[in-house]
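Have a look at the structure below before the remarks.
2 protein chains.
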Amino acid sequence: MLNFSFVNSTQIHFGAEQIAQITDEIPKDAKVLMTYGGGSIKSNGVYDQVVAALKDHTWQEFSGIEPNPSYQTTMKAVALIKEHQLDYVLAVGGGSVIDGSKFIAAAALFDGEPWDILAKGAEIKAALPLGVVLTLPATGSESNTFSVVSNLDTNDKLPFASPFVQPKFAVLDPNVTFSLPQRQLTNGIVDAFVHTVEQYLTYDVNAKVQDRFAEGLLLTLIEEGPKVFSEPQNYDVRANVMWAATMALNGLIGAGVPQDWSTHMLGHEITAVYGLDHAQTLAIVLPRMLAEQRQVKQGKLLQYAQRVWQLTPKSDEQSDIDSVIDQAILKTEAFFHSVEMPTRFSDYQLGAEVADTIVAQLERHGMTALGEHQDVTLAKSKAVLLASV
Amino acid sequence: MLNFSFVNSTQIHFGAEQIAQITDEIPKDAKVLMTYGGGSIKSNGVYDQVVAALKDHTWQEFSGIEPNPSYQTTMKAVALIKEHQLDYVLAVGGGSVIDGSKFIAAAALFDGEPWDILAKGAEIKAALPLGVVLTLPATGSESNTFSVVSNLDTNDKLPFASPFVQPKFAVLDPNVTFSLPQRQLTNGIVDAFVHTVEQYLTYDVNAKVQDRFAEGLLLTLIEEGPKVFSEPQNYDVRANVMWAATMALNGLIGAGVPQDWSTHMLGHEITAVYGLDHAQTLAIVLPRMLAEQRQVKQGKLLQYAQRVWQLTPKSDEQSDIDSVIDQAILKTEAFFHSVEMPTRFSDYQLGAEVADTIVAQLERHGMTALGEHQDVTLAKSKAVLLASV
Numbered sequence: 160m161l162n163f164s165f166v167n168s169t170q171i172h173f174g175a176e177q178i179a180q181i182t183d184e185i186p187k188d189a190k191v192l193m194t195y196g197g198g199s200i201k202s203n204g205v206y207d208q209v210v211a212a213l214k215d216h217t218w219q220e221f222s223g224i225e226p227n228p229s230y231q232t233t234m235k236a237v238a239l240i241k242e243h244q245l246d247y248v249l250a251v252g253g254g255s256v257i258d259g260s261k262f263i264a265a266a267a268l269f270d271g272e273p274w275d276i277l278a279k280g281a282e283i284k285a286a287l288p289l290g291v292v293l294t295l296p297a298t299g300s301e302s303n304t305f306s307v308v309s310n311l312d313t314n315d316k317l318p319f320a321s322p323f324v325q326p327k328f329a330v331l332d333p334n335v336t337f338s339l340p341q342r343q344l345t346n347g348i349v350d351a352f353v354h355t356v357e358q359y360l361t362y363d364v365n366a367k368v369q370d371r372f373a374e375g376l377l378l379t380l381i382e383e384g385p386k387v388f389s390e391p392q393n394y395d396v397r398a399n400v401m402w403a404a405t406m407a408l409n410g411l412i413g414a415g416v417p418q419d420w421s422t423h424m425l426g427h428e429i430t431a432v433y434g435l436d437h438a439q440t441l442a443i444v445l446p447r448m449l450a451e452q453r454q455v456k457q458g459k460l461l462q463y464a465q466r467v468w469q470l471t472p473k474s475d476e477q478s479d480i481d482s483v484i485d486q487a488i489l490k491t492e493a494f495f496h497s498v499e500m501p502t503r504f505s506d507y508q509l510g511a512e513v514a515d516t517i518v519a520q521l522e523r524h525g526m527t528a529l530g531e532h533q534d535v536t537l538a539k540s541k542a543v544l545l546a547s548v
Numbered sequence: 160m161l162n163f164s165f166v167n168s169t170q171i172h173f174g175a176e177q178i179a180q181i182t183d184e185i186p187k188d189a190k191v192l193m194t195y196g197g198g199s200i201k202s203n204g205v206y207d208q209v210v211a212a213l214k215d216h217t218w219q220e221f222s223g224i225e226p227n228p229s230y231q232t233t234m235k236a237v238a239l240i241k242e243h244q245l246d247y248v249l250a251v252g253g254g255s256v257i258d259g260s261k262f263i264a265a266a267a268l269f270d271g272e273p274w275d276i277l278a279k280g281a282e283i284k285a286a287l288p289l290g291v292v293l294t295l296p297a298t299g300s301e302s303n304t305f306s307v308v309s310n311l312d313t314n315d316k317l318p319f320a321s322p323f324v325q326p327k328f329a330v331l332d333p334n335v336t337f338s339l340p341q342r343q344l345t346n347g348i349v350d351a352f353v354h355t356v357e358q359y360l361t362y363d364v365n366a367k368v369q370d371r372f373a374e375g376l377l378l379t380l381i382e383e384g385p386k387v388f389s390e391p392q393n394y395d396v397r398a399n400v401m402w403a404a405t406m407a408l409n410g411l412i413g414a415g416v417p418q419d420w421s422t423h424m425l426g427h428e429i430t431a432v433y434g435l436d437h438a439q440t441l442a443i444v445l446p447r448m449l450a451e452q453r454q455v456k457q458g459k460l461l462q463y464a465q466r467v468w469q470l471t472p473k474s475d476e477q478s479d480i481d482s483v484i485d486q487a488i489l490k491t492e493a494f495f496h497s498v499e500m501p502t503r504f505s506d507y508q509l510g511a512e513v514a515d516t517i518v519a520q521l522e523r524h525g526m527t528a529l530g531e532h533q534d535v536t537l538a539k540s541k542a543v544l545l546a547s548v
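So the sequence lines, in the order shown, correspond to chains A and B. First residue of the first sequence: 160, per the numbering used here; consecutive thereafter. First residue of the second sequence: 160, per the numbering used here; consecutive thereafter.
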């Protein structure tokens, strides 16, 4: 096991009727900016529940945080905060709203040009406190320090992280997911699955708890994911997917183990250029990335095949090992299909032309050596992209 | 899944050489009371590492916190704190030192008679900040709110819990466990195993992540526990056991699921009267408690048999189900034996006389209806105790 430091300070309130908890979680004298996206929270009742919980608070709202939240939009919220001297951000939405709100919370107290946080890794020294009402289980952003923000002017989609933007609390009510469209549910399931894989399918460091936990999340998503669609009224299915998605990226399963994230880096560039949903890009890239890296990942791929898919090689012959790894990758892709997620560029009317474009983006952002061994070169990334057409 | 609220605010520093982190974790102007037990930290080098890390701090020490920490001993530390106006407690030891130090931290700021915290559940409104250097993986006390303290005058062993005594940080260096005697290692492995079982082997609420995580901890302990003795120099084995023990009782696997704890309640009484180590009592009680409760626990016992011990009934016939459950309980007991832990009262020269004595203790402490269904009556407890001779 590798050395690690780990803490997750976000207070979770999980279950039905938990939105009311925000009344006590946000200080009575706070001046709150409630942030949200396109307004679906107004039709599914979440907005009304939040408003009821804030009835004794001073608050304003900022709507219109878009999927892949933009620097341009979030800076309008920062202006509103400064104009009205607001001091608490309450994000009501999915990963995009939360990521955007993290940037808002940091930018509001940033001394300088906030884009430097993303473009230059400028140090964050403070942020407004942030609370979350999660409406879409997917990114884990509700209880971690990470955020990804895009610049519409430059086609950049860039990450940052800071302990100052870790949410103080997060409300996870599985009931709020019943009104989600199929595409967002699919995205969430795939996103959580790939988050787990990025922290699990690397190389063995004999971290048995972390491995078992990661496998537990994958098995849960494989078992419950398709039921989101076949049993659309099943509360426990929604609850299991929601909790799995949070646990997939709250720092726990990645503590003490190597991490990959090469699939995510390619995915971010694909979204920035072609506008595909984040999870759509992951489902395209992951199967081919695993195939491309099968030699350096062989030990963990075999463990994944055995413990998650019950696939065991007939012998120690390399051909039998290869066969099992092939099957495990095919099972992974079939799982994505089982939750209505395409896995090819051609499903989005894209072809081999993406390869050079994305490789140029990777090069521009210095992503020339990705993965747990830093051995995913631009040539390997290109091969992965071409194989994914 | 049941509703839950969960947070774990303890900053973990895990791995070799992490004791040095306490220099930065404890405020520079703190006046520290370092607490420890019988002095083994002086022979294994932990004391020297802690002293080196505190070289720029003001600190004093208090030694002699015994296994099953006593009210009598801990109150001497409280007197020292008050005399020298100390304001930070640094516990260096295993579960007993940490539990005792939690009581010290709370009692130092308690307005009234501190024993009321244990005897009357008096509310804790503040506590001194507490940091931990863990030397014995077992209880999980290093990152939770729980503590158990004994009164030597009255044979009481009573628990309390408060968010104020949750450690601010905990250093987990697996290297410090290499010098532990076999008995303490055995105790720790069994303790962590039974903690997990108490939160897992209840009834099904369709909480798939929690179940998979609990099974992951059990599988890790089963796999690594015996290796602690067969591969005594293996760092990863120590690391896996240490992290499993922490995860077994940091609140995570118990969030959103029913919990049992009947085995623990009987165990505490056995320790209070007969002085057996905590884990020794658990290993005696658990197999018979599972057998006694096999009907109400049948679903989860079958899941445990299948996922942890790869035992599947030949058919849906009750006799086949019973057979598999019998085997799973036997496997559990055999696992305890595999880490050198006895599982019978007779191994400690105790006989059927314990039953009435312990039942009287349970009655005196109001423990007349234990377990996840509150259906472990005094009669059932007596049957469990008699069967455990």
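A virtual CB, placed ideally from N, CA and C, is assigned to each residue, including glycine.
Leaving aside the five residues before and after residue i along the sequence, list all residues of the same chain whose C-beta is less than 6 Å from its C-beta, in chain order.
{"i": "residue 535 (chain A)", "result": "421 and 529"}
{"i": "residue 291 (chain B)", "result": "250, 257, 301, 326 and 329"}
{"i": "residue 359 (chain A)", "result": "373"}
{"i": "residue 494 (chain B)", "result": "381"}
Name the residue from the options whose alpha carbon lies nearest to the alpha carbon of residue i.
{"i": "residue 190 (chain B)", "options": "B:175, B:426 and B:243", "result": "B:243"}
{"i": "residue 162 (chain A)", "options": "B:176, B:311 and B:164", "result": "B:176"}
{"i": "residue 511 (chain B)", "options": "B:207, B:542 and B:194", "result": "B:542"}
{"i": "residue 335 (chain B)", "options": "B:204, B:219 and B:323", "result": "B:204"}
{"i": "residue 415 (chain A)", "options": "B:174, B:164, B:160 and B:246", "result": "B:174"}
{"i": "residue 459 (chain A)", "options": "A:483, A:348, A:280 and A:393", "result": "A:483"}
{"i": "residue 303 (chain A)", "options": "A:478, A:169, A:339 and A:475", "result": "A:169"}
{"i": "residue 298 (chain A)", "options": "A:270, A:252 and A:266", "result": "A:252"}
{"i": "residue 344 (chain B)", "options": "B:497, B:480 and B:413", "result": "B:497"}
{"i": "residue 504 (chain A)", "options": "A:202, A:442 and A:222", "result": "A:442"}
{"i": "residue 517 (chain B)", "options": "B:424, B:465, B:197 and B:222", "result": "B:424"}
{"i": "residue 279 (chain A)", "options": "A:532, A:364 and A:524", "result": "A:524"}
Taking the alpha helix (DSSP H) that residue i falls in, what are its first and last residues?
{"i": "residue 346 (chain B)", "result": "341 to 359"}
{"i": "residue 264 (chain A)", "result": "254 to 266"}
{"i": "residue 548 (chain B)", "result": "Premise fails: residue 548 (chain B) is in no alpha helix (DSSP H) and is neither H nor E."}
{"i": "residue 369 (chain B)", "result": "367 to 383"}
{"i": "residue 426 (chain A)", "result": "421 to 433"}
{"i": "residue 458 (chain B)", "result": "457 to 468"}
Start and end of the beta strand (DSSP E) containing residue i?
{"i": "residue 194 (chain A)", "result": "190 to 194"}
{"i": "residue 220 (chain B)", "result": "217 to 221"}
{"i": "residue 310 (chain A)", "result": "305 to 310"}
{"i": "residue 145 (chain A)", "result": "Outside the modelled stretch of chain A, which goes from 160 to 548, sits residue 145 (chain A), for which no answer is possible."}
{"i": "residue 172 (chain B)", "result": "163 to 173"}
{"i": "residue 329 (chain B)", "result": "328 to 331"}
Measure the C-alpha to C-alpha separation of residue i and residue j and round it to an integer number of angstroms.
{"i": "residue 337 (chain A)", "j": "residue 309 (chain B)", "result": "50 Å"}
{"i": "residue 342 (chain A)", "j": "residue 233 (chain A)", "result": "24 Å"}
{"i": "residue 182 (chain B)", "j": "residue 220 (chain B)", "result": "16 Å"}
{"i": "residue 211 (chain B)", "j": "residue 179 (chain B)", "result": "8 Å"}
{"i": "residue 166 (chain B)", "j": "residue 490 (chain A)", "result": "35 Å"}
{"i": "residue 187 (chain B)", "j": "residue 214 (chain A)", "result": "42 Å"}
{"i": "residue 271 (chain A)", "j": "residue 246 (chain B)", "result": "39 Å"}
{"i": "residue 470 (chain B)", "j": "residue 463 (chain B)", "result": "9 Å"}
{"i": "residue 160 (chain B)", "j": "residue 238 (chain B)", "result": "46 Å"}
{"i": "residue 361 (chain A)", "j": "residue 248 (chain A)", "result": "36 Å"}
{"i": "residue 492 (chain B)", "j": "residue 501 (chain B)", "result": "9 Å"}
Given 7 Å as the limit, tell me if residue i has its C-beta closer than that to any heavy atom belonging to the ligand ADP.
{"i": "residue 390 (chain A)", "result": "The model depicted lacks the ligand ADP and carries no ligand whatsoever."}
Take residue i and list the residues in its own chain whose beta-carbon comes closer than 7 Å to its own, dropping the five residues that flank it on each side.
{"i": "residue 268 (chain A)", "result": "285, 286 and 287"}
{"i": "residue 396 (chain A)", "result": "383, 386, 387 and 390"}
{"i": "residue 378 (chain A)", "result": "467"}
{"i": "residue 488 (chain B)", "result": "446, 449 and 450"}
{"i": "residue 539 (chain A)", "result": "451"}
{"i": "residue 508 (chain A)", "result": "none"}
Here's a check: name, in chain order, each residue in its chain whose Cβ is nearer than 8 Å to the Cβ of residue i, leaving out the five neighbours to either side.
{"i": "residue 283 (chain A)", "result": "265, 269, 276, 319, 321, 323 and 324"}
{"i": "residue 241 (chain B)", "result": "267"}
**Request:** Tell me, please, whether the segment 444 to 454 of chain A touches the segment 404 to 416 of chain A by the rule of three or more beta-carbon pairs shorter than 8 Å.
**Result:** Flag = no, the segment 444 to 454 of chain A and the segment 404 to 416 of chain A do not touch.
**Item:** the segment 316 to 326 of chain B touching the segment 344 to 360 of chain B, judged by at least three CB pairs closer than 8 Å
**Value:** In this structure the segment 316 to 326 of chain B does not lie against the segment 344 to 360 of chain B, because fewer than three pairs of beta carbons, one per stretch, are closer than 8 Å.
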